[in-house]
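Student: With my numbering as the guide, the letters of the sequence shown map in order to residues 2 to 271. The beta-carbon is built from N, C-alpha and C at its ideal position, and this holds for glycine as well.
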Amino acid sequence: MKFLAKIIIHLVGVVSSISVGFPQEIDLATYDSKEGGLYFDQAIIYSYSDHTGQSGEIWIYYSTCSKRFLFDQAAWGREDEMIDYVIAQPDGSYLTFGTEAEGPGNGKVVTVDSVYLEPKDQLSDIPPKDEYIEFIALPESNEIIAGLESKAYKVRRLKDSNGLETIHLATVDYDTRLIYAFNQQAQELRLPEILSQVFGLGHDQLVTRIESSYTDSKGQMYWSKLKLETVDPTTYWGPIKDYTLRIRNTQGELQTLPLTDSIELVGDCY
2 MKFLAKIIIH LVGVVSSISV GFPQEIDLAT YDSKEGGLYF DQAIIYSYSD HTGQSGEIWI
62 YYSTCSKRFL FDQAAWGRED EMIDYVIAQP DGSYLTFGTE AEGPGNGKVV TVDSVYLEPK
122 DQLSDIPPKD EYIEFIALPE SNEIIAGLES KAYKVRRLKD SNGLETIHLA TVDYDTRLIY
182 AFNQQAQELR LPEILSQVFG LGHDQLVTRI ESSYTDSKGQ MYWSKLKLET VDPTTYWGPI
242 KDYTLRIRNT QGELQTLPLT DSIELVGDCY
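Following this line, the structure appears as structure tokens:
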């Protein structure tokens, strides 16, 4: 199966020693397939730092066609010889692709975890004030971050007077809860906690910046910063061939079957 994605490129010619640029529209064929794998065409890239001296980038891949996200070592900051990558699907399921010393076939195994996603019509853009948290709009601090209009808020943790936190949010057309819920899985791979503490935002609210600090009773300061640097077009393939899906049926029995017989491949997406 395949879908066609159109892009604009610029060709530069030389006419009478004058450089002339003109656009040319071309078709690029991209696809999900059993042979190639699952295709991802966007990279969401954050920079991160905290009081421990840790810093780096967080890369999360997204498919504008299938609405899946892919997380690999570029997301959680280290390699894991047993886990290749994790794919989050729109229904809240997370597929962990890995290898094991003993197992069916060649040891390439996919396991399934899931999180509960509230119905979208029950969510608000900004969580309403409750006994724990309050969002206060800071319109004077609104700005464009990574090309996205981002609204600024002060986050008041009502049970914690020693913390300071501001957040910028942009409205996007994909379900950002699949990013924030990543750390809820039963595995040791983690995104920085600052990205999982925003659970409760609307399904289309993307964090573009968070700055958080806390001072304990001994005067020790803890802080972390996260900023969206860019959302770039990319070409990333998540192989699925030769992986075996391992699930339990309704009777609780463990079943294994080829992943390519179970996963939905997306085609003809515009």
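#1: What is the residue span of the beta strand (DSSP E) that residue 69 lies within?
#2: From residue 42 to residue 61, what distance separates their C-alpha atoms?
#3: What is the residue span of the alpha helix (DSSP H) that residue 178 lies within?
#4: Return the Cβ separation of residue 159 and residue 132 in integer angstroms, given the expectation that the two are a contact with Cβ distance under 8 Å.
#5: Please classify residue 70 as buried or exposed, where buried requires at least 16 neighbouring CB atoms within 10 angstroms.
#6: Here's the rule: buried if 16 or more other CB atoms are within 10 angstroms of the residue's CB, otherwise exposed. What is residue 29?
#7: Across the stretch 116–131 and the stretch 200–212, are there enough close Cβ pairs to call them in contact, namely three or more that are closer than 8 Å?
#8: When you compare only the Cα positions, how much space is there between residue 54 and residue 225?
#9: For residue 261, which residues of its own chain have a beta-carbon under 7 Å away from its beta-carbon, when the five flanking residues on both sides are left out?
#10: The beta strand (DSSP E) spanning residue 94 covers which residue range?
#11: CB residue 147 to CB residue 235, shorter than 8 Å?
#12: Using DSSP with H/G/I as helix, E/B as strand and the rest coil, what is residue 196?
#13: Tell whether a beta-carbon distance below 8 Å holds between residue 152 and residue 163.
#14: On the DSSP bridge assignment, give the partners of residue 157 in chain order.
#15: Does the stretch 185–201 come into contact with the stretch 241–259, if we say contact requires no fewer than three beta-carbon pairs (one atom in each stretch) closer than 8 Å?
#16: In its own chain, which residues sit with a C-beta less than 7 Å from the C-beta of residue 99, not counting the 5 before and 5 after it?
#17: Should residue 220 go down as buried or exposed, given a rule of 16 or more other Cβ atoms within 10 Å for buried?
Tutor: For this structure:
#1: Stepping through the sequence shown from its first residue, residue 69 is reached at position 68. Premise fails: residue 69 is in no beta strand (DSSP E) and is neither H nor E.
#2: If you number the sequence shown from 1, residue 42 lands on position 41. If you number the sequence shown from 1, residue 61 lands on position 60. Their Cα atoms are separated by approximately 11 Å.
#3: The residue you call residue 178 lines up with position 177 of the sequence shown. Where residue 178 is concerned, the enclosing alpha helix (DSSP H) stretches over 178–181.
#4: Reading the sequence shown from its first residue, position 158 is the one you call residue 159. Reading the sequence shown from its first residue, position 131 is the one you call residue 132. Going by Cβ atoms, the distance from residue 159 to residue 132 rounds to 6 Å, so yes, they are a contact pair.
#5: Here the question's residue 70 lines up with position 69 in the sequence shown. Counting Cβ neighbours within 10 Å, residue 70 comes out buried, since at least 16 surround it.
#6: Along the sequence shown, one-based indexing puts residue 29 at 28. At residue 29, the pLDDT of 46 sits below 50, so the modelled position is not reliable and the matter cannot be decided from this model.
#7: yes
#8: Reading the sequence shown from its first residue, position 53 is the one you call residue 54. Reading the sequence shown from its first residue, position 224 is the one you call residue 225. Looking at the two C-alpha atoms, the distance is approximately 10 Å.
#9: For the purposes of this step, residue 261 is taken as residue 260 along the sequence shown, with counting starting at 1. For residue 261, where only same-chain residues beyond five positions count, the Cβ hits under 7 Å are 35, 241 and 242.
#10: Taking the sequence shown and counting its residues from 1, one reaches residue 94 at position 93. From DSSP, the beta strand (DSSP E) with residue 94 extends over 94–100.
#11: Residue numbering aside, residue 147 sits at position 146 when the sequence shown is read from its first letter. Residue numbering aside, residue 235 sits at position 234 when the sequence shown is read from its first letter. Contact: no.
#12: In the sequence shown, the residue the question calls residue 196 occupies position 195. Of the three classes helix, strand and coil, the one that applies to residue 196 here is helix, per DSSP.
#13: The residue labelled residue 152 in the question sits at position 151 within the sequence shown. The residue labelled residue 163 in the question sits at position 162 within the sequence shown. Result no, Cβ atoms of residue 152 and residue 163 do not sit closer than 8 Å.
#14: Position 156 of the sequence shown holds residue 157. DSSP, once it has assigned bridges, lists 135 as partnering residue 157.
#15: no
#16: As a working mapping, residue 99 is identified with position 98 in the sequence shown. Excluding positions up to five away in sequence, the list reads 83, 84, 85 and 110.
#17: Walking along the sequence shown from the start, residue 220 turns up at place 219. With fewer than 16 Cβ atoms within 10 Å of its Cβ, residue 220 is classed as exposed.
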